[in-house]
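Below: one structure, written as structure tokens.
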Amino acid sequence: MYGLIWLTDLQSKISTIDLLIMLTSALCHDLDHPGYNNAYQINAQTELALRYNDISPLENHHCAVAFSIMSKPECNILKNVTCEHYKHIRGGVIRCILATDMARHNDILSQFKSFQPVFDFSNKEHKEVLMKIMVKVSDISNEARPMAVAEPWLDCLLQEFFHQSDSEKLKGLPVAPFMDRDKVSKPSSQTNFIRFVLLPLFSELTKLFPCLQQHIVEPVRRALQHYSDLESASQKGTSSA
């Protein structure tokens with residue numbers, strides 16, 4: 001998030017309070033994540049799903065944990081702001097963290113697209129959607145990092161997915177194909193994710209900030225080529241066997 005703000009010179013376009021909202025949201029957006037996604041929470045009728053009425057259980061939990069931590073005197077980074085600023089910051093952080101629920105991805109991206117190409121930084125609605133987009137891009141930006149940095153995190157993520165799907169099978173719960181170790185490989189999971197999620201999102205943000213092309217779009221295209229090559233090699237090996 002800090003890198004995106006710096007690269008886009010966003011500090012000259014929005015207030016310092018809004019920058020604080022984005023940085024805080026990025027820092028707190030996955031606090032106390034249990035390692036099982038919203039679909040699992042809802043299907044398994046977990047405590048989080050019951051508490052938040054099946055509405056973005058994880059993201060609501062991350063927000064609650066963040067503000068619970070900040071309520072402690074030794075952790076209260078907002079103790080010196082005015083009541084008005086506190087309400088603004090709290091509302092903004094909640095909006096940005098809730099936006100990281102991938103069930104809302106298409107709606108948020110479509111809304112952002114509708115503001116292009118005449119984006120207005122002085123328009124409250126435009127700005128709030130941009131803030132959500134910036135947090136979302138930061139959240140799923142792993143493949144924009146160098147392969148040596150990104151791949152170990154990808155391996156961790158896939159293990160988390162497989163652990164969840166194994167648990168779902170044992171409990172007779174629905175299993176998402178992209179989490180099923182019997183149906184997905186690392187290359188296939190990444191080619192689909194990059195092609196259908198990352199590139200449309202990153203490319204749309206790059207229309208507003210062309211300077212990001214080399215920093216997020218080009219690295220992701222290289223990652224797509226890398227995993228496409230691996231997938232092709234795997235398919236050839238399977239067919240020849």
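Be aware that the sequence shown starts at 1, since it is given in my numbering, and climbs by one per residue.
Note that the Cβ used here is the ideal one computed from N, Cα and C, for glycine as well.
For proline 187, the enclosing alpha helix (DSSP H) covers residues 186 to 193.
Per DSSP, the continuous alpha helix (DSSP H) segment holding glutamine 41 begins and ends at 38 to 43. Beyond the five residues adjoining it in sequence on each side, leucine 199 comes within less than 8 Å, by CB distance, of Val217, Val220, Arg221 and Leu224 in the same chain, given in chain order.
Contact between the stretch 176 to 183 and the stretch 101 to 120 is absent: fewer than three C-beta pairs spanning the two stretches fall below 8 Å.
Looking only at Ile133, Leu7 and Pro187, the smallest Cα-Cα distance to glutamate 204 is reached by Ile133.
DSSP places aspartate 54 outside both helix and strand once states are collapsed to three, so it counts as coil. Judged by pairs of C-beta atoms under 8 Å, the stretch 81 to 90 does not touch the stretch 30 to 42, as fewer than three such pairs exist.
Cβ-Cβ separation between leucine 23 and leucine 212: approximately 18 Å, too far for a contact (criterion under 8 Å).
No Cβ-Cβ contact shorter than 8 Å links histidine 29 with histidine 61. For the stretch 119 to 191, there is no continuous beta strand (DSSP E) assignment of 3+ residues that stays within its boundaries. For proline 200, the enclosing alpha helix (DSSP H) stretches over residues 199 to 208. Comparing alpha carbon positions, the residue from Leu48, Ala26 and Ser165 closest to proline 34 is Leu48. For alanine 99, the secondary structure class from DSSP, reduced to helix, strand or coil, is coil. Linking leucine 78 to lysine 171 through their CA atoms gives a straight-line distance of about 43 Å. Annotation: isoleucine 14 is outside any alpha helix (DSSP H) and is labelled neither H nor E by DSSP.
Excluding sequence positions up to five before and after histidine 215, its CB lies within less than 8 Å of the CB of Gly3, Leu7 and Ala144, all in the same chain and listed in chain order.
The Cβ neighbour count for aspartate 107, taken over all protein chains shown within 10 Å, is under 16; the residue is labelled exposed. One Cα belongs to lysine 72, the other to lysine 183, and the distance between them is close to 45 Å. Of the residues Asp155, Glu160, Gln11 and His163, the one whose Cα lies closest to the Cα of proline 187 is Asp155. In this structure, the alpha-carbon of isoleucine 97 lies about 13 Å from that of aspartate 32.
Comparing alpha-carbon positions, the option among Arg51, Phe112 and Asp9 lying closest to lysine 207 turns out to be Phe112. Between phenylalanine 121 and valine 81, the alpha-carbon positions lie close to 24 Å from each other.
Between serine 167 and arginine 181 the beta-carbon gap is near 12 Å, outside 8 Å, which marks them as no contact.
According to the DSSP assignment, histidine 33 belongs to no alpha helix (DSSP H), since it is labelled neither H nor E.
No Cβ-Cβ contact shorter than 8 Å links leucine 20 with leucine 10.
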